[in-house]
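The opening position of the sequence shown corresponds to residue 1 in full-length UniProt numbering, with each subsequent residue numbered one higher.
Backbone N, C-alpha and C define an ideal beta-carbon position, used for all residues, glycine too.
Working notes for the structure below.
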Amino acid sequence: MKTGVCPGDNRTMYVVVWDNVSFHHSAVVRQWFAAHDRMLMEFLPPYTPFLNPIEEFFSSWRWKVYDRHPHTQMALLAAMDAACDDITAESCRGWIRHSRRYFPRCIDRADIPCDVDENMWADRRERLDIND
C-alpha cells in the first residue's frame with residue numbers, strides 16, 4: 001500500500017481491496033471513504049482477476065445460471081437464486097486460497113504473468129481441458 005495504516009487511539013482500521021470497476025471510483029464512494037477515517041480503499045492492479053476471489057465466484061455462478069436454461073425473466077431470477085445455493089463454502093475458500101498464493105509476489109512487486117491458464121490452473125492436473 002502506498003499509504004500507512006495508522007488508525008490511532010487503538011481503533012480498528014478496515015482496508016477494502018477491490019477491483020477497478022467504474023463505480024468504485026465514483027464521487028459518492030470517494031466521499032463515503034473520506035467521511036469514514038477508519039476505512040481505507042486500495043485498488044487491485046488492472047487486469048488481475050486472479051487476485052479477486054469474487055471474479056471466480058461470478059464465473060462459476062454465471063455458468064450455473066446458464067446451465068439452467070432460463071428463458072423468461074422469472075426463470076432467470078429463479079436460476080440466479082438457485083445457482084447461489086449450488087456454490088459451496090469450500091469453493092469460496094478455494095478461490096480465496098487461489099488468490100492468496102499470489103500475495104507474496106504482489107508484496108514483492110514481482111511481475112506476474114497474465115496467462116489465464118497459468119493463473120487459473122497453476123497445477124496443470126487441475127485443468128479440465130488438458131486433453132483438448
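Query: Separation of H71 from V29, as counted between CA atoms; Result: 35 Å
Query: C-alpha distance - M1 paired with A82, whole-angstrom precision; Result: Because the pLDDT of M1 is 41, which lies under 50, any placement of that residue in the model is unreliable, and the number read from its coordinates should be weighed accordingly. Taking the straight line from one Cα to the other gives about 38 Å.
Query: Which listed residue (H36, P49, W32 and H24) has its alpha carbon closest to that of T12; Result: H36
Query: Three CB pairs or more closer than 8 Å across the region 14-32 and the region 59-76; Result: no
Query: Assigned secondary structure, Y14 (DSSP; H/G/I helix, E/B strand, else coil); Result: strand
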